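**Student:** First to last, the protein sequences are chains H and C.
Take this note's numbering: the final residue in the first sequence is number 273, and no numbers are missing along the way.
Take this note's numbering: the final residue in the second sequence is number 391, and no numbers are missing along the way.
Even glycine gets a Cβ: it sits at the ideal position worked out from N, Cα and C.
The structure presented is a predicted model; accordingly, all values stated were derived computationally and were not measured.
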Amino acid sequence: MRLRRHWFSGLIALAVIVFLWAPLVIVAINSVNSDTLLVSWKGFTTHWYSQAAHNGTVQSGVKQTMTIALGSTAISLVLAVTGALWWRRASPRARRTFDGLTYLRIMLPEVVFAVALFLLFSKIQFPLGTTAVVIGHVVWNSAYATLIIQARVATLDPALEDAASDLGANPWRVFRRVTLPGLLPGIVAAGLLAFTFSFDDVVTSYFLTGAGTAPLPVVLLSMIRFRITPEINAIGMLVMLFTVSMFAIGFIAVTQMGRGARKALALPEVRQ
Amino acid sequence: MRYAGRALRSVLALPTLAWMVLFFLVPLGLIVVYSFATISLVTYDISYGWTVSNYRQIHDPLYFDTLTRSIFLSLTATIGCLLLGFPLAYFISRQPARWQRLLLVLVIVPFWSSFIVRTYAMVNLIDNGGPLEDVLHTLHVWSGPLNILYRPKGIALGIVYSYLPLMVLPIYVSLERIDYALIDAAGDLGANSRRTFRRVTLPLAMPGVAVGCIIVGIPALGEYVIPEILGGGKTLMLGNVITDQFLSVGDYPFGSAIAVALMAVMAAALVLARVVQRRAPV
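1) Mapping the DSSP letters down to three states, classify E162 (chain C) as helix, strand or coil.
2) Determine the direct distance from the alpha carbon of V216 (chain C) to that of W18 (chain H), and round the result to whole angstroms.
3) If you measure beta-carbon to beta-carbon, which residues of the region 326-341 of chain C are closer than 9 Å to chain H?
4) In chain order, what residues of the region 111-132 of chain H put their CB closer than 9 Å to some CB of chain C?
5) What in chain C is Cβ-close to I225 (chain H), meaning under 8 Å?
6) Could you name the residues of chain H that F200 (chain C) contacts, counting a contact when the two beta carbons are closer than 8 Å?
7) Based on the DSSP secondary-structure assignment, which residues constitute the bridge partners of S156 (chain C)?
8) For F45 (chain H), which residues does DSSP report across the bridge?
9) Listed from N- to C-terminal order along the chain, which residues in the region 187-198 of chain C have their beta-carbon within a distance smaller than 7 Å of any beta-carbon of chain H?
10) Out of curiosity, what's the CA-to-CA distance linking C322 (chain C) and T58 (chain H)?
11) Taking buried to mean at least 16 other C-beta atoms within 10 Å of its own C-beta, is N237 (chain C) buried or exposed?
12) Of all the options C:G331, C:T187, C:W251, C:V250, which has the alpha carbon lying nearest to the alpha carbon of V204 (chain H)?
13) Does any CB atom of chain C fall closer than 8 Å to the CB of W49 (chain H)?
14) Are the beta-carbon atoms belonging to W221 (chain C) and T210 (chain H) less than 8 Å from one another?
15) Buried or exposed: H138 (chain H), going by 16 or more other Cβ atoms within 10 Å of its Cβ?
16) Got a sec, what are the start and stop residues for the alpha helix (DSSP H) Y333 (chain C) sits in?
17) Run down chain C in chain order and give the residues with a C-beta less than 7 Å from the C-beta of G237 (chain H).
18) In angstroms, rounded to a whole number, what distance separates the CA positions of P269 (chain H) and A170 (chain H)?
19) Mind listing the chain H neighbours of L213 (chain C)? Cutoff is C-beta to C-beta under 7 Å, in chain order.
20) In chain H, which residues lie with their C-beta within 8 Å of the C-beta of V218 (chain C)?
21) Near T244 (chain H), what residues of its chain come up, given a Cβ to Cβ distance below 6 Å and the 5 sequence neighbours on each side ignored?
22) Under 8 Å between beta-carbons, which chain C residues line up against P186 (chain H)? List them in chain order, please.
23) Please list, in chain order, all residues of the same chain as G84 (chain H) whose beta carbon is under 6 Å from its beta carbon, the five residues on each side excluded.
24) For S92 (chain H), which option in C:R387, C:I180, C:A122, C:T185 has the closest C-alpha, if you only look at C-alpha atoms?
25) Pairing CB atoms from the region 182-202 of chain H with CB atoms from the region 240-257 of chain H, are three or more of them under 8 Å?
26) So that I know if they touch, is there some Cβ in chain C lying closer than 8 Å to that of R96 (chain H)?
27) Assign F195 (chain C) to one of three DSSP states: helix, strand, or coil.
28) Quick one: residues in its chain with C-beta nearer than 6 Å to the C-beta of G364 (chain C), no 5 flanking neighbours on either side, listed in chain order?
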């Protein structure tokens with residue numbers, strides 16, 4: 002009965018999920034396909050993987066992407082946590098303005114923002130390169146991180162912090178012992194998301210890299226423009242395995258931490 | 110003590126605020142100023158002023174066609190995402206909790222792989238003689254070559270593919286929140302399932318639909334990578350024109366004017382969405 006009632010949406014759902022996975026299946030197949038032109042299956046090979054691993058531009062691209070992603074994630078988390086803590090006790094009007102700016106940073110077409118920052122940097126003669134890209138990524142990454150951490154902040158009970166400060170803890174200690182443990186799952190989730198967004202970014206990186214070492218997605222874009230390169234599929238598979246395992250680890254960490262934090266916060270109550 | 114606490118709290122806003130002003134609002138202001146300036150393409154000297162010549166240049170059919178094509182492609186892709194995303198979100202929201210989680214993972218995981226590699230894979234998928242053509246031939250929905258790669262149709266399909274989860278997730282969230290009692294009540298009061306869907310489920314899902322349309326439609330307007338790869342390097346959308354003006358031609362004022370025009374279209378779309386939302390029942 003249930004199935005019959007939803008057969009129409011079920012059929013579309015199935016088709017859409019197949020559609021979403023089809024390109025990935027193609028990437029997976031072509032990453033081990035020995036046909037150089039990728040028009041048909043010509044037997045199994047690991048050649049593309051070893052070619053990708055020995056490609057100097059790809060190697061330096063991966064290193065560059067990692068540096069940028071780690072840097073922009075760290076700064077974004079600091080901005081998001083401080084911003085969200087301020088937001089919690091701000092006036093409704095200040096909150097609305099703050100939220101508006103957060104959404105604007107997420108929605109504005111990335112090209113517009115990237116050229117604007119490119120223009121600013123060339124105007125003040127700030128050198129393009131790693132630092133410039135990190136600054137750019139933080140602008141939108143901190144917005145995503147803020148949304149997630151705000152959601153977490155909203156679930157915190159202010160009474161716990163008030164209690165801590167009534168018991169004589171200074172603000173820093175309250176933050177470190179009560180607020181931060183409560184926020185930790187949100188911070189991990191926001192950090193993972195920010196890291197992957199930064200890791201995958203093309204447009205902002207493309208504008209702000211300049212003549213220096215290009216991050217991986219920019220390297221891939223120029224490889225694609227240049228010619229058919231089966232190597233790209235191997236790189237794509239590796240990137241996917243990397244992100245999926247990172248998310249899996251992050252997911253486990255968040256669930257564990259959720260339990261840990263609850264325990265940590267419940268403990269004083271038990272002692273009393 | 111209280112006062113110190115309040116001052117401390119304002120300090121918390123500083124890092125985000127400073128970053129937003131310095132690296133977001135100031136640059137956006139700068140492109141507005143630049144869009145009214147002129148540049149000598151021989152010496153690359155900028156002379157500031159309040160000329161609208163850059164905006165006039167957008168009326169040049171070469172660019173105006175790109176502007177209308179961008180709006181059209183973004184609209185088509187948004188509608189495409191809605192047509193595919195709504196049934197998917199609806200189906201997911203009607204499953205038992207365990208299945209819901211599994212289905213959501215199936216929707217999201219493809220997006221953990223590299224965006225650029227996925228878009229590149231679309232080239233193989235939709236090319237003439239590719240798997241999509243094979244499937245359509247087998248189903249007898251299409252005969253002859255597909256001819257969508259390196260054309261606007263291919264770009265629209267690429268955008269639908271890349272932005273679909275952004276449509277599915279907000280719609281799913283609003284559908285999932287619907288109280289079953291409301292649907293039962295509609296049934297008890299004699300509404301058939303189609304009427305219940307139209308009068309109860311659909312209106313309650315509208316906030317999710319609105320959010321989905323905004324977060325798909327607006328970023329899609331300025332899409333750069335998808336038209337670059339699936340459009341075959343032709344300047345098919347505004348994102349490509351802007352990039353060209355900045356990184357190849359060097360006409361910063363004209364590039365800025367297009368970027369500002371893009372922001373204006375975005376603002377208009379947001380206002381429109383607001384009006385529609387206010388008019389909507391519920």
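**Tutor:** In this structure, then:
1) As written in the sequence, residue 162 (chain C) is Ser, which differs from the Glu given in the question. S162 (chain C): helix per DSSP, three-state reduction.
2) With the sequence shown as reference, residue 18 (chain H) is identified as Ile, and Trp is not the correct amino acid for it. Going from the Cα of I18 (chain H) to the Cα of V216 (chain C) covers about 7 Å.
3) I327, P328, A329, L330, G331, E332, Y333, V334, E337, I338
4) E111, V112, V113, F114, A115, V116, A117, L118, F119, L120, L121, F122, S123, K124
5) I225, Y229, I338
6) H7, S10, G11, I13, A14
7) C:T147
8) H:N34
9) L193, P196, L197
10) 38 Å
11) exposed
12) C:G331
13) no
14) no
15) buried
16) Segment: none, Y333 (chain C) is in no alpha helix (DSSP H) and carries neither H nor E.
17) S222, S223, V226
18) Note that P269 (chain H) has pLDDT 44, beneath the 50 cutoff, so the model's placement of it is unreliable and the number below is only indicative. Whole-angstrom Cα-Cα distance: 14 Å.
19) Under the 7 Å cutoff, chain H gives no residues; its nearest Cβ is about 11 Å from L213 (chain C).
20) V245
21) T197
22) Those do not exist, as P186 (chain H) stays about 17 Å from chain C at its closest Cβ, beyond 8 Å.
23) T147
24) C:A122
25) yes
26) no
27) helix
28) I351, Q354, F355
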